[in-house]
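In terms of our numbering, the sequence shown opens at residue 1229 and continues consecutively. Backbone N, C-alpha and C define an ideal beta-carbon position, used for all residues, glycine too. First the structure, in the form of structure tokens, and then the observations on it.
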Amino acid sequence: MPHPSLHDGKPHLHARSARAVRRRSLPIAGVALQVALWSGFAPPASGHDAPSGWSYPYACCSMNDCRPVATKAISERPEGFVINVTGEVVPYRDTRVRPSPDGEFHWCSVAGGEGGRTICLFVPPRAY
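Following this line, the structure appears as structure tokens:
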């Protein structure tokens, strides 16, 4: 028995029409994507991007380890920066301490958890 969409071995009109519509749709989809990008639409930041747009280094972040934190979440003591939620002290000269590109604190902890050990700490410039 012949295929239901074939008549005498030739595709029916509706099958040819469907292919034509698909072929015409591809350029339209490409134009729509370009318009969306030009209009300022941007996909959400990935796990390695800070909300302000700079990228957390891979050494610090594994998709969900880093996030901005309020200034009050970090204290400065003579021995170093203190992560207030855990009490962990990160010495000022520790290699995990890095300058913050946006002037805000960002904390990267193991598994992104509030109780996790610090992987990196991005700090704003210090006023003396």
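Which residue marks the beginning of the beta strand (DSSP E) containing residue i, and which one marks its end?
i        : result
Gly-1344 : Where Gly-1344 is concerned, there is no enclosing beta strand (DSSP E), given that its DSSP letter is neither H nor E.
Ser-1303 : 1302–1305
Cys-1294 : 1294–1296
Which value, in whole angstroms, describes the spacing of the CA atoms of residue i and residue j?
i        : j        : result
Ser-1280 : Pro-1329 : 9 Å
Val-1351 : Gly-1343 : 19 Å
Glu-1316 : Thr-1346 : 8 Å
Leu-1349 : Thr-1323 : 9 Å
Asp-1277 : Ser-1283 : 4 Å
Val-1338 : Ala-1287 : 12 Å
Arg-1305 : Pro-1285 : 26 Å
When DSSP builds the beta bridges, which residues end up paired with residue i?
i        : result
Phe-1350 : Arg-1326, His-1334
Val-1310 : Ser-1303, Val-1317
Ser-1290 : Paired residues: none, contrary to the question.
Leaving out five residues on either side along the sequence, give the residues of the same chain with a beta carbon under 7 Å from the beta carbon of residue i.
i        : result
Glu-1332 : Pro-1296, Pro-1352
Spatial neighbours of residue i within its chain, please: C-beta separation below 6 Å, excluding the five flanking residues on both sides.
i        : result
Gly-1308 : Val-1317, Val-1318, Pro-1319, Tyr-1320
Val-1310 : Ser-1303, Val-1317
Cys-1336 : Cys-1288, Cys-1289, Asp-1293, Cys-1294, Ile-1347, Cys-1348
Val-1313 : Glu-1342
Ala-1301 : Asn-1312
Arg-1354 : none
Once you ignore the five residues that flank residue i on each side, which residues in its own chain have a CB closer than 8 Å to its CB?
i        : result
Gly-1341 : none
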